[in-house]
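Listed in order, the protein sequences are those of chains A and B.
Just so you know, we're using the numbering used here here: the first sequence kicks off at 1 and counts up by one.
Just so you know, we're using the numbering used here here: the second sequence kicks off at 159 and counts up by one.
In this text, a Cβ means the ideal position worked out from N, Cα and C, and glycines have one as well.
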Amino acid sequence: MAKVHVTTSINGEPMEFLCEPSDTMLDALRGPLALTGSKEGCASGDCGACSITLDDRLICSCLMLAVEAQDHEIRTIEGMAQGDKLHPLQQKFLEMAALQCGICTSGMLVASDALLKKNPEPSEEEIRFWLAGNLCRCTGYDKIVRAVMETAAEMRAQ
Amino acid sequence: MNLVTNNKWIGQRTIRPDGMDKVTGRAQFAADTTMPGMIWGKVLRSPHPHARIRSIDTSKAEKLPGVRAVVTARDIVDFPIANGAVMLGIQDMRWMCRNVMARDKALFPGHPIAAVAATTEAIAAEACKLIEVDYEVLPWSIEIDDAIKPDAPVLHEFNKFDGKPSNIAGRLEHKKGDIAGGFKKADIVIERTFTTRPVHQGYIEPHACLISVAPDGKTTIWSSSQGQFMVRAMTAYLTGIPQSDIRAIPAEIGGGFGGKTIVYLEPLATLLAKKSGRPVKMVMTREEVMRATGPTSGSKSTVKIGATKDGKIVAAHGTFYLQAGAFPGSPIRGAAGCSFTPYDIPNLLSEGFDVCSNRSKVAAYRAPGAPIGAYAVECVMDEVAEALKMDPLDFRLKNAAKEGTKAAHGPVFPRIGYIETVEAAKSSPHYAAPLGDGHGNPRGRGVASGFWFNAGGESSAQVNITEDGNVVVTTGHPDIGGSRAGIANICAELLGIDYRRVSVIIGDTQTIGFSNLTGGSRVLFASSIVVTQSTEKIIQTLRERAAKIWEIDPEAVKWENGAAHPVSPNAGQFEPLTLEELAEKAPAMGGPIGAGVQLNTTGADGGFGTHVCDVEVDVDLGIARVIRYTAVQDVGRAIHPGYVEGQLQGGVAQGIGWALNEEYIYTREGKVDNPGFLDYRMPVCSDLPMLDCIMVEVPNPKHPQGVKGVGEVPLVPVMAAVANAIYNALGKRFYALPMSPPKVLEVLEAPTREAAE
């Protein structure tokens, strides 16, 4: 059961960890890396609660092997705020009640951030289809979609 | 409507106390913690829907290197059937002890048979495979029609109905007047039969726990649930450890919707931790959640409504058969008790039948039973209105329950807000708007109403003033929808301080007094009563302290805007003393300032809602899509409107899923065939429109802030509203859920049939 040594970058910091060859990136994040902001809702890529970015591409970390992080850049919810300054999406989610239980929130924020980086002016329909891979059972998505639209508008105005 | 507008914090969309942790990934949910020396637990589950367990041999598993403990039903405290019920709330421990671990028989695929703790998850899983179970496989039934046949395989031979062994575990009825006589007066009578499929609560966080048991039996449970006190009590019952030795710490809960009101893993992990001497962590997979927890009942309902030509309902009869799953206890009370309650019906019989079958034991799901019953009743209401050529909202108004109406389940209503919800729906921009052009795809509009009992019950709160003059409120209810935000608003309002100075936390079982489950839409209703009384005690103390400092009568001190002020005859003689100043002086003036209140709260009034739904049906693909939705509800008083709307929107989304897609599909072998989010299709973001809310505020006169429960009502009317909209679009009625694309296509492609079964 020899573990594999992986050298990577997580939220802009150089990082090393050991993992089983079969571990997913989500296993590594939640286990040896102790970054439990990414959640496991299904382990099959259906719920999006484990959303992260790999070299700025949005992925489900439960569908990526941890060893694949070697020499790549991973970003998670824990890297979204800069010190004590929230990302505008985080702030807007708070202000607009765009979360209830919070289990999907990490993934929703990471996915929404990835959308706004790609498309700073998404329509409601574009937001809804982009976030279709992130399940939320509490909110009915209404306030989440509104928060993303309003954040996008504010970020464009700045 | 009685809108209260002179508050500073009540009614404001403040930032929720737990929000920052949740948007930054800091929040600790059930699976997010570890303990030194922790090992992992796994459950071996039955592959059979129904089998007698002849023997279990765990010796090979125990010998596997890394395995530290194995438990079976022998380790769980038995509650013998013959000894009678041992109830904890609505749960009978005789069933609970058999649900957490199969005792004599496995009753559904996924029923726990044994549990293993090992140094890694992989070893624990491997050890489960080494456990040898000798099963005598038995015939089984899952669907209601199969389970109530005279020759159906009976799950519990001791259970008798009409004197014979039966899967019907109970019958409940609500009766009013004389239905035979009532139907004779009717000019029109419509009777229909409906079925619904089992649907899961669908919380995104799987069940998980981490438990440590010290050699002296002192137990620490870290888990997410809808009640840490329920976790403590059930674990105590099932393991024999006294409640005083169990500290159940409520983790943040990643959704529950009723499904986390019972335990699955905690007793097993406790016993594994006790046997192994190591902290044990257990986390269900999504597949385990789908196979072995929840869901709510599938159902078969027959509803008959009779009305006169002028639109008065003269009689109604409802028969609701609900699947209980492996053990008695389906929510027939909700189905039989809520479904007709929006209406004043002189002659009524509403019956519920509790049917056991070989699927997982039901767990509560948002207004348990009520949406199932309302689906049937509200669809027949739509048909009767159409036959009478009446607007469906006018028909409801004509028969609406109001103050003084005697509900069939017992109460005579005080001032209620049902009529207000129908009127608000009728005058809503949505109801007046044209349906618009579907470009070849038919569109339709439907309405439906719903009722849920709501609940009070036991709650405890402690409010403490910190040494620097801020506030910490501790309550005993897991916060599932934003109750902490509501509590902060109320406490800040009463004390006259900024809400950000009030920190609201959920205590564990050993630090706050008993508080009943987060369920029944009771949490903000009940906890705000005890928080209000605690805060009022503190204000009294603060007035007394100021009076002592000023050497005047406490009655001559008022509390306003976060400070004590002298009133006549001393008005203006002393500078006000702020909360901070009084906190600073506390050590010299009588000591720490704090107060706790514990109550069994009463006065929770039922809640009513009326919904309007527009659909568009893609006739080529059979996809019914909700294109506009408005939920109107009497919310009593919206303490935090953002999270009240959130309850309405969340309930509507779940109902749309129930109506259009969600269902348990079984294989020929009786196993759930879609135990994951890909094939059990809950609404995703692109499936839904914006969900509009109209909050009608008819304050509850029995509550200090006028609060009514709001969490469950919004699921009740949804399936009927969607079904009625689809009928309006297609001119064809559906009598079975879900109205998923294959089923819609089947009806569209069979144009000669009058209706789909």
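field: Cβ-based burial, Asp-666/B [other Cβ within 10 Å; buried from 16]
entry: Numbered from 1 along the second sequence, position 508 holds the residue referred to as residue 666/B. Classification for Asp-666/B: buried.
field: Residues that Thr-633/B contacts on chain A, provided the C-beta gap is smaller than 7 Å
entry: Within the second sequence, the letter at position 475 stands for residue 633/B. Those do not exist, as Thr-633/B stays about 17 Å from chain A at its closest Cβ, beyond 7 Å.
- prompt: Excluding sequence positions up to five away, which residues of its chain have a Cβ less than 7 Å from the Cβ of Asn-647/B?
  reply: On the second sequence, residue 647/B is found 489 positions in, with the first residue counted as 1. Contacts found: Trp-167, Ile-168, Gln-170, Thr-172, Tyr-657, Ile-797, His-798.
message: If you reduce the DSSP assignment to three classes, tell me which class His-332/B lands in.
response: Locating residue 332/B in the second sequence gives position 174, where the first residue counts as 1. Three-state DSSP puts His-332/B in a strand.
- prompt: Who are the near neighbours of Ile-814/B in its chain, counting only those whose CB is closer than 8 Å to its CB and skipping five residues on each side?
  reply: As a first step, residue 814/B must be located in the second sequence, where it is residue number 656. Around Ile-814/B: Val-784, Tyr-787, Pro-841, Asp-845, Leu-846, Val-876, Val-880.
task: Might you give, ordered along the chain, the residues of its own chain that have their beta carbon closer than 6 Å to the beta carbon of Gly-671/B, omitting 5 neighbours on each side?
output: Here residue 671/B refers to the residue found at position 513 of the second sequence. The residues are Ser-618, Gln-756.
field: Strand pairing of Phe-478/B, partner residues [DSSP]
entry: Reading the second sequence from its first residue, position 320 is the one you call residue 478/B. According to DSSP, which records beta bridges pairwise, Phe-478/B is partnered with Ser-459/B, Gly-510/B.
CB contact check: Lys-180/B to chain A, cutoff 8 Å: Numbered from 1 along the second sequence, position 22 holds the residue referred to as residue 180/B. Yes, Lys-180/B counts as interfacial toward chain A.
query: What residues match up with Asn-758/B in a beta bridge as DSSP calls it?
result: Sequence index remark: in the second sequence, residue 758/B carries index 600 (1-based). Its beta-bridge partners are Glu-616/B.
message: Would Gly-412/B pass as an interface residue toward chain A - the criterion being a Cβ-Cβ separation below 8 Å?
response: Position 254 of the second sequence, counted from the start, is the residue given in the question as residue 412/B. So yes, Gly-412/B belongs to the interface.
Ala-729/B - DSSP class collapsed to helix/strand/coil: Numbered from its first residue, the second sequence carries residue 729/B at position 571. In the structure shown, Ala-729/B sits in coil (DSSP, three-state: anything other than H, G, I, E or B).
message: Less than 8 Å between the C-beta atoms of His-365/B and Leu-296/B, yes or no?
response: For the purposes of this step, residue 365/B is taken as residue 207 along the second sequence, with counting starting at 1. For the purposes of this step, residue 296/B is taken as residue 138 along the second sequence, with counting starting at 1. Taking 8 Å as the Cβ cut-off, His-365/B and Leu-296/B do not qualify as a contacting pair.
- prompt: Can you tell me the Cα-Cα spacing of Thr-825/B and Asp-309/B, whole angstroms?
  reply: On the second sequence, position 667 is the one that residue 825/B refers to. On the second sequence, position 151 is the one that residue 309/B refers to. Looking at the two C-alpha atoms, the distance is approximately 22 Å.
- prompt: Applying the criterion that 16 or more other CB atoms from any shown protein chain within 10 Å of the CB defines a buried residue, is Ser-217/B buried or exposed?
  reply: Within the second sequence, numbered from 1, the residue matching residue 217/B stands at position 59. Classification for Ser-217/B: exposed.
message: For Ile-302/B, report the span of its alpha helix (DSSP H) as first-last.
response: As a working note, residue 302/B is residue 144 in the second sequence. Unbroken alpha helix (DSSP H) run through Ile-302/B: 302-305.
- request: Tell me, to the nearest whole angstrom, how far the beta carbon of Trp-717/B is from that of Leu-700/B; I am working on the premise that it is less than 8 Å.
  value: Start at 1 with the first residue of the second sequence, and residue 717/B comes out as number 559. Start at 1 with the first residue of the second sequence, and residue 700/B comes out as number 542. Right, the Cβ-Cβ distance comes to about 6 Å (below 8 Å), so this counts as a contact.
message: Would you say Glu-363/B lies against chain A (beta-carbon separation less than 8 Å)?
response: Mapped onto the second sequence, residue 363/B falls at position 205. Glu-363/B counts as touching chain A.
message: For the beta strand (DSSP E) containing Ile-271/B, name the first residue and the last one.
response: Locating residue 271/B in the second sequence gives position 113, where the first residue counts as 1. 270-276 is the span of the beta strand (DSSP E), which, as asked, contains Ile-271/B.
message: With distance defined between alpha-carbon atoms, name the residue in Gly-640/B, Phe-683/B, Arg-795/B nearest to Ala-762/B.
response: The residue you call residue 762/B lines up with position 604 of the second sequence. Selected option, being the one with the closest Cα: Phe-683/B.
- request: Determine the DSSP secondary structure at Leu-58/A, reduced to helix, strand or coil.
  value: In the first sequence, residue 58/A corresponds to position 58, counting from 1. Here Leu-58/A sits in strand by DSSP.
query: When we look at the beta-carbon of Gln-620/B and count the other beta-carbons within 10 Å, is it buried (16 or more) or exposed?
result: The count along the second sequence starts at 1 and reaches residue 620/B at position 462. With 16 or more Cβ atoms within 10 Å of its Cβ, Gln-620/B is classed as buried.
query: Where do the N-terminal and C-terminal ends of the beta strand (DSSP E) with Ala-209/B fall, by residue?
result: For the purposes of this step, residue 209/B is taken as the residue at position 51 of the second sequence. Looking at the DSSP string, the run of the beta strand (DSSP E) that includes Ala-209/B is 209-215.
message: Am I right that Gly-644/B and Ser-686/B are in contact with their C-beta atoms under 8 Å? What's the rounded C-beta distance?
response: Position 486 of the second sequence, counting from 1, holds the residue named residue 644/B. Position 528 of the second sequence, counting from 1, holds the residue named residue 686/B. The pair is a contact, with the Cβ atoms about 7 Å apart (cut-off 8 Å).
field: Contacts of Leu-849/B in chain A (Cβ-Cβ under 7 Å)
entry: Residue numbering aside, residue 849/B sits at position 691 when the second sequence is read from its first letter. Neighbours of Leu-849/B on chain A, chain order: Gly-140, Asp-142.
message: Here's a check: name, in chain order, each residue in its chain whose Cβ is nearer than 6 Å to the Cβ of Trp-130/A, leaving out the five neighbours to either side.
response: As a first step, residue 130/A must be located in the first sequence, where it is residue number 130. Hits under 6 Å: Leu-115.
message: Val-605/B and Gly-765/B - do their beta-carbons sit closer together than 8 Å?
response: Stepping through the second sequence from its first residue, residue 765/B is reached at position 607. Stepping through the second sequence from its first residue, residue 605/B is reached at position 447. Not closer than 8 Å, so no.
task: Give the residues from the stretch 97-127 of chain A that approach chain C closer than 7 Å (Cβ to any Cβ), ordered along the chain.
output: In the displayed structure, chain C is absent; the protein chains listed are A and B.
- prompt: Taking buried to mean at least 16 other C-beta atoms within 10 Å of its own C-beta, is Phe-17/A buried or exposed?
  reply: As a position in the first sequence, residue 17/A is number 17, starting the count at 1. Classification for Phe-17/A: buried.
query: If the cut is a Cβ gap below 9 Å, which residues of chain A does Ala-746/B touch?
result: The sequence position of residue 746/B within the second sequence is 588, counting from 1. Chain A residues near Ala-746/B: none, gap ~36 Å exceeds 9 Å.
query: If we cut at 8 Å on Cβ distances, does Val-78/A have a partner in chain B?
result: Position 78 of the first sequence, counting from 1, holds the residue named residue 78/A. Strictly speaking, residue 78/A in this sequence is Glu, with Val absent from that position. Yes, because at least one Cβ of chain B sits closer than 8 Å to the Cβ of Glu-78/A.
- request: Return helix, strand or coil for Pro-14/A, following the three-state DSSP convention.
  value: Here residue 14/A is taken as the residue at index 14 of the first sequence, counted from 1. DSSP places Pro-14/A in strand when its eight states are reduced to three.
task: Taking Gly-268/B and Asn-516/B to be in contact with their CB atoms under 8 Å, please state how far apart those CB atoms are, rounded to whole angstroms.
output: Start at 1 with the first residue of the second sequence, and residue 268/B comes out as number 110. Start at 1 with the first residue of the second sequence, and residue 516/B comes out as number 358. With a Cβ gap of about 11 Å, Gly-268/B and Asn-516/B do not count as contacting.
task: Could you tell me the distance, in whole angstroms, from the CA atom of Arg-156/A to the CA atom of Glu-124/A?
output: Numbered from its first residue, the first sequence carries residue 156/A at position 156. Numbered from its first residue, the first sequence carries residue 124/A at position 124. Looking at the two C-alpha atoms, the distance is approximately 16 Å.
message: Against chain A, which members of the stretch 829-843 of chain B pass a CB distance test of less than 7 Å?
response: Gly-834, Phe-835, Leu-836, Met-840, Val-842, Cys-843
- prompt: Cβ atoms of Gly-834/B and Met-448/B: under 8 Å apart, would you say?
  reply: Within the second sequence, numbered from 1, the residue matching residue 448/B stands at position 290. Within the second sequence, numbered from 1, the residue matching residue 834/B stands at position 676. It is a contact, given that the beta carbons lie within the stated cut-off.
field: Option nearest Thr-579/B by Cα separation, candidates Ile-289/B, Phe-611/B, Pro-500/B, Leu-675/B
entry: Against the second sequence, residue 579/B aligns to sequence position 421. Ranking Ile-289/B, Phe-611/B, Pro-500/B, Leu-675/B by Cα distance to Thr-579/B puts Pro-500/B first.
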